[in-house]
Each structure stands twice: as C-alpha cells, then as structure tokens.
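Student:
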Amino acid sequence: MSGFKIQLTRRGETLAALLKKEGISHSGVLKAIASTPREMFIPETLQHQAYLNTALPIGQGQTISQPYIVAKMTELLLNGEHPHRKVLEIGTGSGYQSAILAQIFDQVFSVERIKLLQFQAKRRLQKLDLYNVGMKHGDGWEGWPSKGKYDAIIVTAAASSLPQKLLPQLEDAGQLVIPVGTDAQTLLLITRRGNHFEQKYIEDVRFVPLVPGDLS
Ligand code: SAH
C-alpha cells in the first residue's frame, strides 16, 4: 500500500466533477474528494470500482458510503455559522469519510464499534499522513464526550431514533447530520440553538444500521 498520498489525481478529479454535476458545490469538499485515494479504503478485489459513485462492501457486513453521500453530508456541516474546528464522526468504517473530514476540519474524532475496522482505518490515515484524526473503539450511541464539545457531528450509520447523548456534545450553533429510520431512512440536519434543536429533512437515504449499544 505504499505510494498513496493526499494529492489531486485524474481519477479523483473525474469523480469530483461527477459529484459537482450531482449538486455538490463546496470547493473544499470537491478538492478533498479529488485528492483522496479511495482505492486505499476498499478490498483489493474491488479496487477497479474505487472511483465509481457507489457504496462498496468493506468486510464485517459493513460498507464504505457512496462518494455522493460522503460529499453531501460533509457539505451540509459546512453550511452552518460555526467554525470548522472540531468534528465527531460516528461509524469510522473504512476511514474514507474521516480522511475527507481531516482535510477540512482542524481536528477529527471518530468512533467505531468493530475493532478490526477501527484498526485498519487508523493505519490507512497514518499512511496518508493525516495526523489530525483521533480514533477509538467504542459505542457511537455514547459519542466521545471527553473530547467535546464539537462544532459538527456526523453519523454514518442509520439510527433507529435520534441518539440523545450526542445532542449535549454539540456546540451552540453546531450541526449534526444523521440518517434516521430503519426500513425507510431519512437524512436529517440538526442545528443546536441553546437547548433547542432545529431539525431539517434533507433526503431519503440507505445506510447500514447504527447497532444498539455494546461492542464486538
Ligand atoms: N464512514 C464510513 C461508513 C461506514 S458504514 C466510511 O467512510 O467507510 C457505518 C459504520 O458504522 C460501520 O463500520 C459500523 O461498524 C459502524 N457502527 C454501527 N453501529 C455503531 C455503533 N453503535 N457505534 C460505533 N460504530 C457503529
């Protein structure tokens, strides 16, 4: 896996151009997509599909999200009034979304419940020289309160209901993007206003479930 770097590549730029056509407009997000070697985050047998705009299996019954949704969720977090200093990700998976966030936020914290995935993701980010990402093996329903509060929180697995413990970990005016639902899932953008949480529907989505509690 040597030779991978954060740098613009032709295949990355082609993918970014496709996402732009699909409605992604934030230049920092498009640049991060164009500079991140997605083939590094997926199994070798699927690497020829790395720059397609599709979700792909990454083992352990999990998936790397579709590039469009990675870009969309990141962009949503950047539209708020809050500075882009500290972000919490729930569901590290392959680490691809973490790598995108690391190029935009000063500090990224990411929680994953499957130890093997967490370990592999950590190694990938080190190889890419992305040192501003803290990762831990833990239960995402709990968040990571000791590192908070966060300007933004992104949940990359579908929660059956809004995880209440994440809400106090948001800064005032901070934003949370999260898929909610079981069969039918909707992507929600939640903005903190003091102790009130505004909720906005974004679009229908399809994610693996945010597993309740406990670790494996
Ligand atoms: N952001 C990832 C998407 C991974 S899929 C990427 O870019 O590849 C969602 C991930 O959420 C899976 O790895 C799954 O193991 C993890 N997950 C599911 N329930 C969880 C929980 N309760 N706590 C932490 N992680 C969880």
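In terms of our numbering, the sequence shown opens at residue 532 and continues consecutively.
No residue lacks a Cβ here, since even glycine has one placed at the ideal position from N, Cα and C.
1. Checking the sheet assignment: what are the DSSP bridge partners for residue 734?
2. In the structure shown, what three-state DSSP assignment does residue 671 receive?
3. Taking Cβ to Cβ, would you say residue 689 is nearer than 8 Å to residue 657?
4. Where do the ends of the beta strand (DSSP E) carrying residue 640 lie?
5. By a C-beta neighbour count over all protein chains shown, 10 Å radius and 16 as the cutoff for buried, is residue 538 buried or exposed?
6. According to DSSP, simplified to helix, strand and coil, what is residue 561?
7. If we count the other Cβ atoms within 10 Å of its Cβ and call it buried at 16 or more, is residue 634 buried or exposed?
8. By the three-class DSSP mapping on this structure, what secondary structure does residue 590 have?
9. Quick check on the DSSP output: the beta strand (DSSP E) that includes residue 618 runs from which residue to which?
10. Beta-carbon within less than 7 Å of residue 601's beta-carbon, same chain only, minus the 5 sequence neighbours each way: which residues are those?
11. Just the Cα atoms here: how many angstroms apart are residue 586 and residue 730?
12. Using a Cβ distance threshold of 8 Å, determine whether the stretch 699 to 717 contacts the stretch 574 to 589, with at least three qualifying pairs required.
13. What is the DSSP secondary structure of residue 553, counted as helix, strand or coil?
14. Quick one: grab the DSSP three-state call for residue 606.
15. Look at the alpha carbon of residue 565 and the alpha carbon of residue 692, and state the distance between them as a whole number of angstroms.
16. Output the boundary residues of the alpha helix (DSSP H) element that contains residue 627.
17. Find the nearest neighbour of residue 639 within the set 673, 546 and 681, judged by alpha-carbon distance.
18. What does the alpha-carbon distance come out to for the pair residue 723 and residue 552?
19. Among all the DSSP beta bridges, which residues are the ones paired with residue 723?
20. Check for me: the beta strand (DSSP E) holding residue 707 runs from which residue to which?
21. When the distance is taken between beta carbons, is residue 725 closer than 8 Å to residue 696?
22. In this structure, does DSSP put residue 540 in helix, strand or coil?
23. Please classify residue 554 as buried or exposed, where buried requires at least 16 other C-beta atoms within 10 Å of its C-beta.
Tutor: With the given structure in hand:
1. 718
2. helix
3. Pairing residue 689 with residue 657 gives a Cβ-Cβ distance that is not under 8 Å.
4. 638 to 643
5. exposed
6. helix
7. buried
8. strand
9. 617 to 621
10. In the same chain as residue 601, and ignoring 5 residues on each side of it, the C-beta atoms closer than 7 Å to its own belong to 627, 628 and 631, in chain order.
11. 26 Å
12. Between the stretch 699 to 717 and the stretch 574 to 589 there are fewer than three inter-stretch CB-CB distances shorter than 8 Å, so the stretches are not counted as touching.
13. coil
14. helix
15. 34 Å
16. 627 to 633
17. 681
18. 31 Å
19. 728
20. Taken as a continuous stretch (DSSP letters only), the beta strand (DSSP E) holding residue 707 covers 701 to 711.
21. no
22. coil
23. exposed
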